[in-house]
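Participant:
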Amino acid sequence: MGTSALIFYILSAVMILSAIAAVTARRILRAAVYLLFALGGTAAIYFMVDYYFLAAVQLIVYAGGIVVLIIFSILLTTHINEKLELPRWSKISATFSLTAVGFAITTYVLTAQSFTTGTGTFADATVGLIGERMLAYGEGGYVLPFEVISILLLAALVGAIVIAKRNPPAS
Amino acid sequence: MIDQVPLSHVLSVSSLMFFIGAYGFLTRKNLVTMLIGVELMLNAVNINFVAFDRYLYPSGINGHFFALFIIAIAAAEAAVAIAIFINLYRNIRSIDVEEVDKMKY
Amino acid sequence: MTWSELLLMRHEWALIGLALVLIMLEIGISDEQKNRIHVVACLLMAAITLFGFWPAESGKIFGGMYITDPLRVLMKNILNAGVLIIFLQSSVWLGKAGMKNRMTEFYLLLVSSLIGVNYLISAGHFLMFYIGLELLTIPIAALAAYEQYQSKSAEAGIKLILSSAFSSAILLFGLSMLYGAIGNLYFTDFSLTDSLLTILGFIFFFSGLAFKISIVPFHLWTADVYEGSPTNVTSYLSVISKGSAVFVLVILLFTLFRTIQPVWQAVLYATAILTMTIGNLFAIRQQNLKRFLAFSSIAQAGFILLGVIHGGSLGMASVVYFVLVYVFSNLAAFGVVQAVEQATGKLNIDDYNGFYNTNPRLSLTMMLALFSLAGIPPLAGFFGKFFLFTAVAESGFYTLLLIAVLNTVIALYYYLLVVKAMFINKSELPVPVIASDGAMRISLLLAVTGILVLGFYSPVFDYINELCKTF
Amino acid sequence: MNPTLTIFIILLPFAAFVINGLLSNKLPHKTAGWLAVIAIGISTILSWQTAVSYFLQSEPYIRQLVVNITWLRFTETLQVDMGILLDPISVMMLVVITTVSLMVFVYSLGYMQGEKGFVRYFAFLSLFSFSMLGLVVATNLFQMYMFWELVGVSSYLLIGYYYNKPEAVAAAKKAFIVTRFADFGFLVGILILSYYTGTFDFITITNPENPAIISMTGISFMGISVLTWAVVLIFMGGAGKSAMFPLHIWLPDAMEGPTPVSALIHAATMVVAGVFLVARMFPVVVFHAPAALDVVAFIGAFTLLFAAIIACTQTDIKRILAFSTMSQIGYMMLALGVSGYGHEGLGFTASMFHLFTHAFFKALLFLGAGSIIHALQANDIRQMGGLRKYQPVTHILFLIACLAIAGIPPFAGFFSKDEILTAALASHTVYFGIATLAAALTAFYMFRLYFLVFWNNERTYAHTPHESPAIMLIPMSVLAGGSVVAGFIPFGNFVTSDLKSLETHVHLNVAVISTAVALAGITIAWLFYKRKSEIPDTIAARLGGLYQTIYRKFYIDEIYLFITKRIIFNLVSQPLAWFDRHIIDGFMDLTATATNWISAELKEFQSGQLQKYAYIFLSGVILIVLVVLYTYS
């Protein structure tokens, strides 16, 4: 086993464990922190497959943005020391068996599939290349989704503000 | 890394993360923690895209772009979701999912 | 990229333009003149809808990310017309105190969602498909929670956004597997092979889309969200959101997933039966009209699947035609519900007792809408169902046809319950005479004209049929 | 007369509907009522003109498409037209519908006077006439189906219209749903037929030499030819509208509607639509699907007897008439079922003839019942009696109708029933036996009704019943005139299965038998129901012949009593009525209950719990994956 393989397995273990912790921790704030670890681990994997830009985005937007958003909302809606109730045993067991079956099937299918390893040469995902592709409008160009997602972000922004902003109550 | 770790291992990790996320979504009582479950699921999807991209179709990096966009959309979705949570919290002083059941049958 | 190529995207340009105009107005207009925004929005939307019927060309731009052809343009036009009706029906609700200063945001969110619908239909790449789908949903989730001081509205928003996020995650998971199997996300050379991975990926992907159409067992959010949302948002969800998802489902199944037709036919066969039956069984026991219409729309979705199963141009034409009819019928029903709700706050079927005596025109509209939904000739809804049944008969699924036919009998029963309440039941305290405003009247007139004209004017189906043959 | 003018026959009532419907709040009652009456009046005149000019041309008559507009195009070959098809049966139906409608409209002016929704009532009534007329002139199956449904809708509105009783509402719904259920058989039948023949057009479809039709006889599904399936399914629609067993359950309940509505819809027009449909399809059925015709005959005969027996026990005047209608339609169906083609087509002619005469006397019976109900405000015949003194005109008119339906010469019913019996005799003795027995029962229950209402118990009423106004009596008299003379029309010259003239004449032996059984029925009714309160008087008058009286009383009366009370009433009729009410009806209620029960059991799925929803969502996905993967690997 090579070094990078070893790092991958360790990272995977950390990611999986923190993911499990994130969905079971009884203190919500801790759950958010575990989520941060899981997302950070993912970013590390992106690094390992040479997707540096994606890794950076993962850290900035996901870990930096979403997790902070989540932490804010937790602070706004719960007490720091509040412990979540444990879900009912029936719920846990039913859900556990369902997700376990789901995991078993998908893993079975994914491992049974014989993938033909890629033939093309790796297009080094440098920032420059990404930038060019983002603004290209031919085949393989992503300018259209790039523009459309700006509408989505704007709409989300407007939506979030207009809901969260408390108007003076109707007289 | 790609010459040392088989693709199926990466995919297994992502599947596991996906279903852990689903488990969280299905069992957690607090709405925010349910959202955490969704984020885990989306993250697993991203790993899938990246892994397929890097292992099988390295020349196109389409999966890479898809992952980028998923991150952005996840952020937007989370923002709106949290705005609604806060609004609910102001109305009923709770964000327990089991209390969000005024409408049924 | 030339000017004429960019013009292929004119539906989206027009809507983006509308959004910009709304933002400008919001900045430039004083609070007293806020009402004008409503007028401007309705007029511009009407202009866009009409403008959409300008003869369309086919083409692909942005390297195949965006595809357009006359059939897709027709689909967009149908949905634009639906949104126009919803705009018109919103005036009373937006005029209420507390809602007035959030009018622009309302239109902005609705228009963004409609832009999402347009991109969804024209998607030529799964990324555009996904962005379209999310752009369709996220603003609507915000709108579902728009009534800030009502916990029901927040509940609707939460149920919508969380379950939609969950379903999106499942859809994406399926999509990632399809990507793994094919290595391409453009629709143009998306060649599926028949492997376990593609089937698994397809089913995950399909469930995410089925969620938007409210196919059983992915439908459970529907009734709750419909009940809690403001009524015009409910109409949007039940007509535009569902209609666009149906359109895109048909496009995808008939082109990209053609190679695995036996798989999706089997899946649709089972879910269609479940959807029709469950929708009907639940509709029977509803008292709240919005929930009632929610389950009725679930049952209608089951009927739509009958045409999808067919897999040929007749099936496609029958689906497009049915959605067209469904847009008008459902919006007429929701329009009446909304008029009554805004005037009195009443939503229960019992509240409609003796409705005919006080509001003959509204109740006749409602009756036409319900009869059209039930499929009684010569209203448009009958032809919609008739073409769907013809499609099923042609594909040879006779058992399915029989079940569908039995389900229309059950459906008739509960639609009649409402008609009975309005026309036959007596009430001590009927709904008072409602003076609906001009915009609402125009919207109902449009919807009723649709119900009647589509039933009698046959070239519409001919036209759709021709488009589907060449698709 | 220019045949395209026939379009006005249909459009005029529609215009009346539109005007009355849109202006329901603004029009004064009188204007609205007379508007509708004038519209249907002109239609009636035009229909008679059409009939005269049509039947004056030399036979064989031709099927004429006087109006034809292409309306919907499904494929290059399959298209739907809207138009007017004139042939002997449609022309005859035009006359029947407009005439009876006109009488009912005029009658309603008096009967419904002062009712709250007067204008709406006339609007719906006009809508009904319009749809019924559109149905009979349909040039193709699809147009017929459209109007068929429209007829259903308008009758729904009319049945549920008048009384604010819950029964009326339930009845309206039941009528609509049962007939709709049947209509889906019709629709599927149309789909099959059009799928194979590539057309909806009647002239093409009913042409026995059409190769597409012949090829359909060769394709079999579950051992029966596709054509037979299609025809039987279409017949299912007809059985629903015509209240044939077991789809008849809606008709007795539909009597909750206003009485003139019953006269129009449930006696003369809508309920015979099924008969008309079978007659429409007749040429192809008789040659290529004789098995379907056997079904028609069997169901007709069964309903005929079944309904006649039940009618003997009923006490609600309108229910008696309802069951009587079912039974008479059974006659028509039976006659069609046993009919051949061309020279052997007596049954066809007889059926149409009976449809024609029945329209007059049954409408008259209902209007008479309306007149009685109007005077007494009661439906139960046990609360009536001796009305001949209070309502002399109604009495006479009602008697004429009773004689006509009982088949006493020279009233109309005699002639048509005679032809039916002849046709039945030529087919099978069992059918003849059933038809004869039912004829006796008909006479019996009609006169039971007649005696109980107009004679029997001469009670005093709290409010002295009064004779109805002229505006109600005049239409009744017109119908009574029809009931007397309609039988003398040489129907075989006009309406036949092959459009050529058919020689018909009264068959003496059949006529004697049928008249004899009818008289027997009347006599039984007379003995049993007329005398009741008069027995002491009779005894006093015949004191000298005391022995004879006792003799008669001991034997004949007791036998009558035994036969009527013990056997017919207790052993046959009542169980049948119970069966009808509880088993057949109950089946439908059970379906409704079961549906409600299932939906109540399922409601837990809709728990309001987001996570449960998501759980079901994910389970659905995984279940589908498991099933599909299992099938494909």
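Chains as they are written, first to last, in the working numbering: chain B, 1459 to 1629; chain L, 89 to 193; chain F, 3 to 473; chain U, 56 to 688.
For glycine and all other residues, C-beta sits at the position ideal for the given N, C-alpha and C.
Could you give the DSSP three-state label for Gly-400 (chain U): helix, strand or coil?
Facilitator: coil
Participant: Could you please give the first and the last residue of the uninterrupted alpha helix (DSSP H) stretch that includes Gln-383 (chain U)?
Facilitator: 372 to 393
Participant: Who does Val-122 (chain U) pair with in a DSSP beta bridge?
Facilitator: U:Ile-139
Participant: Can you tell me whether Phe-220 (chain F) is helix, strand or coil according to DSSP?
Facilitator: coil
Participant: Check whether chain B comes within 8 Å of Ile-677 (chain U), counting only Cβ atoms and requiring the distance to be less than that.
Facilitator: yes
Participant: Kindly say whether Phe-206 (chain F), judged by its beta-carbon, lies nearer than 8 Å to any beta-carbon of chain U.
Facilitator: yes
Participant: Nearest chain F C-beta to Tyr-1509 (chain B) closer than 8 Å, yes or no?
Facilitator: no
Participant: Short of 7 Å in beta carbon distance, which residues of its chain neighbour Gln-344 (chain F), apart from the five on each side in sequence? Order them along the chain.
Facilitator: Val-94 and Trp-95
Participant: Relative to the C-alpha of Thr-272 (chain U), which candidate in U:Ala-347, U:Arg-335, U:Phe-255 and U:Phe-331 has its C-alpha closest?
Facilitator: U:Ala-347
Participant: To the nearest angstrom, how far is the alpha carbon of Phe-425 (chain F) from that of Asn-359 (chain F)?
Facilitator: 8 Å
Participant: Opposite Arg-175 (chain U) in the DSSP bridges: which residues?
Facilitator: Answer is none; Arg-175 (chain U) lacks a bridge partner.
Participant: Taking the straight line between their C-alpha atoms, what separation do you get for Val-241 (chain F) and Leu-333 (chain F)?
Facilitator: Their Cα atoms are separated by approximately 8 Å.
Participant: If we ignore side chains and look at the alpha-carbon of each, how far apart do Asn-1539 (chain B) and Ile-262 (chain F) end up?
Facilitator: Taking the Cα positions, Asn-1539 (chain B) is about 53 Å away from Ile-262 (chain F).
Participant: Please name the residues in the segment 654 to 667 of chain U whose beta-carbon is closer than 8 Å to at least one beta-carbon of chain L, in chain order.
Facilitator: Lys-658, Gln-661, Ser-662, Gly-663, Gln-664, Leu-665 and Gln-666
Participant: Taking only three categories from DSSP, how would you classify His-1537 (chain B)?
Facilitator: In this structure, His-1537 (chain B) counts as coil in the three-state DSSP scheme.
Participant: Since Leu-557 (chain U) and Tyr-116 (chain U) should fall inside the 8 Å C-beta cutoff, what is the C-beta to C-beta distance between them, to a whole number of angstroms?
Facilitator: About 12 Å separates the two Cβ atoms, so there is no contact after all.
Participant: What did DSSP end up calling Ala-132 (chain L) once you bin it into helix, strand or coil?
Facilitator: helix
Participant: Could you give the distance in angstroms between the alpha-carbon of Ala-575 (chain U) and the alpha-carbon of Ala-390 (chain U)?
Facilitator: 24 Å
Participant: With respect to the alpha helix (DSSP H) encompassing Ile-80 (chain F), which residues constitute its N-terminal and C-terminal limits?
Facilitator: 72 to 91
Participant: What did DSSP end up calling Asp-429 (chain F) once you bin it into helix, strand or coil?
Facilitator: The question names Asp, yet the displayed sequence has Ser at residue 429 (chain F). Residue state, collapsed to three classes: coil.
Participant: Taking C-beta pairs closer than 9 Å, name the residues in chain U that Ile-1550 (chain B) reaches, listed in chain order.
Facilitator: Going along chain U, no residue has its Cβ under 9 Å from Ile-1550 (chain B), so there is no contact; the nearest lies around 12 Å.
Participant: May I ask whether a heavy atom of the ligand GDP can be found less than 7 Å away from the beta carbon of Ala-1471 (chain B)?
Facilitator: The model depicted lacks the ligand GDP and carries no ligand whatsoever.
Participant: Ile-611 (chain U): buried (16+ other C-beta within 10 angstroms of its C-beta) or exposed?
Facilitator: At Ile-611 (chain U), the pLDDT of 45 sits below 50, so the modelled position is not reliable; the number obtained from the coordinates is stated separately. By the neighbour-count rule (16 or more Cβ atoms within 10 Å), Ile-611 (chain U) is not buried but exposed.
Participant: Using a Cβ-Cβ cut-off of less than 8 Å, give me the residues of the segment 116 to 131 of chain L that come near chain B, in sequence order.
Facilitator: Arg-116, Lys-117, Asn-118, Val-120, Thr-121, Leu-123, Ile-124, Gly-125, Glu-127, Leu-128 and Asn-131
Participant: Among F:Ser-124, F:Leu-446, F:Val-227 and F:Phe-204, which has the Cα closest to the Cα of Ala-268 (chain F)?
Facilitator: F:Phe-204
Participant: I'd like to know whether the C-beta atoms of Ala-490 (chain U) and Ala-573 (chain U) end up nearer to each other than 8 Å.
Facilitator: If you check the CB distance, Ala-490 (chain U) and Ala-573 (chain U) do not come in under 8 Å.
Participant: So, does the CB of Glu-1597 (chain B) fall closer than 8 Å to a CB anywhere in chain F?
Facilitator: yes
Participant: Does the distance from the C-beta atom of Val-565 (chain U) to that of Leu-480 (chain U) stay below 8 Å?
Facilitator: One thing to note: Val-565 (chain U) has its Cβ within 8 Å of the Cβ of Leu-480 (chain U).
Participant: Of all the alpha helix (DSSP H) runs that stay within the bounds of the segment 12 to 67 of chain F, which reach a length of 4 or more residues?
Facilitator: 12 to 30 and 37 to 53
Participant: With a floor of 4 residues, list each alpha helix (DSSP H) that falls wholly inside the segment 243 to 315 of chain F, ordered by position along the chain.
Facilitator: Complete alpha helix (DSSP H) runs here, min 4: 244 to 256, 263 to 286 and 291 to 312.
Participant: Given a threshold of 16 other Cβ atoms within 10 Å of its Cβ, counted over all protein chains shown, does Gln-1 (chain F) qualify as buried or as exposed?
Facilitator: Past the edges of chain F, shown from 3 to 473, lies residue 1 (chain F), and the structure says nothing about it.
Participant: Tell me which same chain residues have a C-beta within less than 6 Å of the C-beta of Gly-240 (chain U), skipping the five on either side of it?
Facilitator: Leu-288, Met-291 and Gly-292
Participant: What are the residues that DSSP puts in a beta bridge with Ala-125 (chain F)?
Facilitator: F:Tyr-68
Participant: Counting C-beta neighbours from all protein chains within 10 Å, is the total for Phe-276 (chain U) 16 or more, i.e. buried, or is it exposed?
Facilitator: Exposed, by the Cβ-count rule.
Participant: Under 8 Å Cβ-Cβ, which residues of chain L neighbour Phe-131 (chain F)?
Facilitator: Contact annotation for Phe-131 (chain F) against chain L: no contact, minimum CB-CB distance about 11 Å [criterion: below 8 Å].
Participant: Please report the straight-line C-alpha distance between Lys-161 (chain F) and Ile-64 (chain U), rounded to a whole angstrom.
Facilitator: 57 Å
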